[in-house]
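Structure, as structure tokens:
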Amino acid sequence: MWASCDAGHTHWGRHGAAGVLVRHAPETGPARYLLQHRARGVHHGGTWGVPGGAVERGETPEQAAWREAWEELGLRPDGLRPVGSHLDDHGGWSYHTLVVDSPTAFPARGLNFETGPDGCRWFTAHEVGAVTLHPGLAAAWPHLMRLAP
Ligand SMILES: [Zn+2]
Numbered sequence: 000m001w002a003s004c005d006a007g008h009t010h011w012g013r014h015g016a017a018g019v020l021v022r023h024a025p026e027t028g029p030a031r032y033l034l035q036h037r038a039r040g041v042h043h044g045g046t047w048g049v050p051g052g053a054v055e056r057g058e059t060p061e062q063a064a065w066r067e068a069w070e071e072l073g074l075r076p077d078g079l080r081p082v083g084s085h086l087d088d089h090g091g092w093s094y095h096t097l098v099v100d101s102p103t104a105f106p107a108r109g110l111n112f113e114t115g116p117d118g119c120r121w122f123t124a125h126e127v128g129a130v131t132l133h134p135g136l137a138a139a140w141p142h143l144m145r146l147a148p
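What follows is the structure, encoded as structure tokens:
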């Protein structure tokens, strides 16, 4: 269900939305972040975002984030270390991003219609600057980089 926020946007999810940013920080070299190309048919299709989606009634944002990450990419929290979370509160609607660390840059691919033709990729922060992010992720990105540089 669509919702409007106090900032004048239209968002999917009456109870807000949530997603998971997975980081892999190798011992040498820059950290990488797992992003998903959004399919043409979904909101802000063609941009890059994190797996995630609307929070359902009765769900915590964390439960919603992991449910969506499972449905979209087959991700489970097992073996991933929580780093922190960021709340982007638009007034009347909010987006929670969980940030987790992965010991590996594991191969990931989209399992349902929400992933676009470019699939999933591990980007350095520098590379993220060269692609079009989902506007919500773009707004949160500087905060996420402070949490998980
Ligand atoms: Zn908004």
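Take 0 as the starting number for the sequence shown in the numbering used here and just add one per residue. Here a beta-carbon is modelled for each residue, glycine too, at the ideal position from N, C-alpha and C. None of the values given here were measured: they were computed from a predicted structure.
Distance between Phe-112 and Leu-143, taken at the CA atoms: about 26 Å. Within the same chain, Cβ atoms closer than 6 Å to the Cβ of Asp-117 are found at His-36, the five residues on either side in sequence being excluded.
Closer than 7 Å to some heavy atom of ligand 1: that describes the Cβ of Ala-6. Judged by beta-carbon spacing, Leu-20 lies within the 8 Å limit of Val-98, meaning their Cβ atoms are closer than that value.
Judged by the Cβ position, Trp-92 qualifies as a neighbour of ligand 1 at the 7 Å threshold, a heavy atom of the ligand being closer than this. The DSSP assignment places complete beta strand (DSSP E) segments of no fewer than 3 residues inside the segment 92-140 at 93-100, 114-123, in order along the chain. Distance from Leu-146 to Val-82 at the Cβ level is roughly 6 Å; contact confirmed, criterion being Cβ atoms closer than 8 Å.
For the options Thr-96, His-133, His-14, the alpha carbon positioned closest to that of His-43 is the one of His-133.
A contact between stretches requires three or more CB pairs, one per stretch, nearer than 8 Å, and the segment 90-109 meets this requirement with the segment 11-25.
Residues His-10, Arg-13, Trp-92 of the same chain have their beta carbon placed closer than 6 Å to that of Ala-2, with the five preceding and five following residues left out of the count.
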